[in-house]
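Everything on this sheet refers to the single structure shown next.
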Ligand code: ATP
Ligand code: MG
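Numbering (this note's numbering), first residue to last: 293 to 652.
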C-alpha cells in the first residue's frame, strides 16, 4: 500500500470549513484505492500567530518538511482585524511568502474552467462563453515585487515614502517559461505571454527570455499581450486563451479576474510547484465576510486536492473522478450561495452538503 504524508494547513477564515470538505474527499479516495493518506494538521496564518506569536511556526515548518505534499486552505483576516497584527507578522508576509520561499514553489498553475453547460454561473453573456472557458494561468510565484526589497521611511523633504523593488533574473524567467511551454504542448499548443514591456524593463527581459525558450518549442504558437489588454480580453473574448504565462503580481490580479469571469472565486483551485515540494491551495483569500457560516464554495479546495492527486501522487484517474464528481453536483442543479443567486434556477446547498454530494 502506498503511504502519503499530507501537511494540512487549514488556516483562517473559510479555510477550515473548505478544508474539512477536501478531507472528506481524500477519505473516500483512500477507501477506493490501495493508498493511505497520513494527514498532519498544523497551524498556519493568523491562527498560528495568535496561538504561537508566529504565523509560520517552527512546528509547522517541520511538518511541511516531512510531508510529501502540502494542502493549504486560506489565510488572512478582515481589513479591520488585521490591524491587530504587526506588519511583518501579517499572515501573507509572515506565513505565505515564507512558505513559497522555503520550497521555492515558483510555478503556480491556476485553471479557469467553466463548461458551456454552466454559462449561467458567469456574469458574461452565453455567446461570449461559447463552447466554454478552459484556460490555465501560469503565474511566477517566488519573484517580482512581492519578493523584492521593501523600504518605508521619511525622505529629505520630510515626506513619508515607500520603495519596493521588482527583480527577476533570466534563470527565474526561463524556468517558468519552460513550465508554460510544456503545458501548452500538452494542450492547444497556444501560449499567451503577458507582459508590460512598453513601460517595465522587467518585461523587456521577460520577453527576451521567452523568445529564447520559444525556440525549443517550435510547435507552440506564442501570442504577446500587454497585461492591461489581457484584462479586457479576458472579459470580451476569454475563449481565445489556453495557457497564459505571467509574472507574480500580474498573475495575482489576472487570476482573481479569472474567478470573476467564472462567477465566483470559489471556482479557483491551484497548484504551486517547486523543485522538490509542492503545495496546493485555493487561488482566493480567506473570505472573512462569509467565514463560519457554512456557505463558502469548497470547489476551489477540492479542486486543489485533485491537482495534488495528479501532480504529487500520480493518481490522475482519481483526480479526473474528483473533477467529474464536482461537475456532477453542478449538473444536478446544485451549488453554494456564491453561484445560486435568486432567480438563477440553481438550487442552493451549503459547504458541507456540497462536500457530501461530491463524495456520493
Ligand atoms: P487575498 O488578498 O488573500 O487574495 P482577497 O482580498 O482577494 O484575498 P478573498 O478572500 O479572496 O479576498 O474574497 C474576495 C470575495 O470573494 C469575497 O467576497 C469572498 O466572500 C468571495 N469568495 C472567496 N472565496 C470564496 C469561496 N470559496 N466561496 C464563496 N465566496 C468566496
Ligand atoms: Mg485576492
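The beta-carbon is built from N, C-alpha and C at its ideal position, and this holds for glycine as well.
| query | result |
| --- | --- |
| Reduced DSSP category for residue 403 - H, G, I as helix; E, B as strand; rest coil | strand |
| Residue 378, buried or exposed, once every other Cβ within 10 Å from all chains shown has been counted against 16 | exposed |
| Cα-Cα separation between residue 629 and residue 503, rounded to whole angstroms | 44 Å |
| Range of the contiguous beta strand (DSSP E) that encloses residue 517 | 513-518 |
| Exposure label - residue 304; buried when at least 16 CB within 10 Å | buried |
| Segments assigned alpha helix (DSSP H), at least 4 residues, entirely inside the region 475-556 | 493-506, 519-528 and 540-554 |
| Given residue 347 as reference, the closest of 362, 388 and 328 once Cα atoms are compared | 388 |
| Secondary structure, alpha helix (DSSP H): runs of 4+ residues fully inside the region 570-650 | 591-603 and 608-623 |
| Supposed close pair residue 298, residue 360 - CB separation, criterion 8 Å | 7 Å |
| CB of residue 567 within 8 Å of CB of residue 403, strictly | no |
| DSSP bridge partner residues for residue 423 (one or two, in chain order) | DSSP, once it has assigned bridges, lists no residue as partnering residue 423. |
| CB contact flag (residue 406, residue 424, <8 Å) | yes |
| Contact test: residue 557 Cβ vs ligand 1 heavy atom, cutoff 7 Å | yes |
| Three or more C-beta pairs below 8 Å linking the region 532-539 and the region 479-486 | yes |
| Cβ-heavy atom distance, residue 628 to ligand 1, below 7 Å | yes |
| Those residues which DSSP pairs with residue 454 across a bridge | 444 |
| Whole-angstrom C-beta distance between residue 543 and residue 400, which should lie under 8 Å | 7 Å |
| Chain-order list of residues whose beta-carbon lies under 7 Å from that of residue 469 (same chain, five-residue window excluded) | 501, 502, 505 and 537 |
| Ligand 1 heavy atom lying under 7 Å from the CB of residue 563 | no |
| Closest residue to residue 587 among 430, 353, 644 and 319 (Cα-Cα distance) | 644 |
| Test item: CB-CB of residue 547 and residue 429 under 8 Å | yes |
| Identity of the residues DSSP links to residue 296 by a beta bridge | 329 |
| First and last residue of the uninterrupted beta strand (DSSP E) at residue 366 | 361-366 |
| Local Cβ density within 10 Å of residue 382, reported as buried at 16 or more and exposed below that | buried |
| Proximity test, residue 306 beta-carbon vs ligand 1 heavy atom, cut-off 7 Å | yes |
| Residue closest to residue 371, alpha-carbon to alpha-carbon, out of 384, 365 and 362 | 384 |
| Per-residue DSSP class, three states only, for residue 459 | coil |
| Residue 436 to residue 635 span [Cα, whole Å] | 43 Å |
| Anticipated Cβ contact below 8 Å, residue 367 with residue 578, distance rounded | 6 Å |
| CB-CB length for residue 571 against residue 328, believed under 8 Å | In fact, because the Cβ distance is near 20 Å, the residues do not count as touching under 8 Å. |
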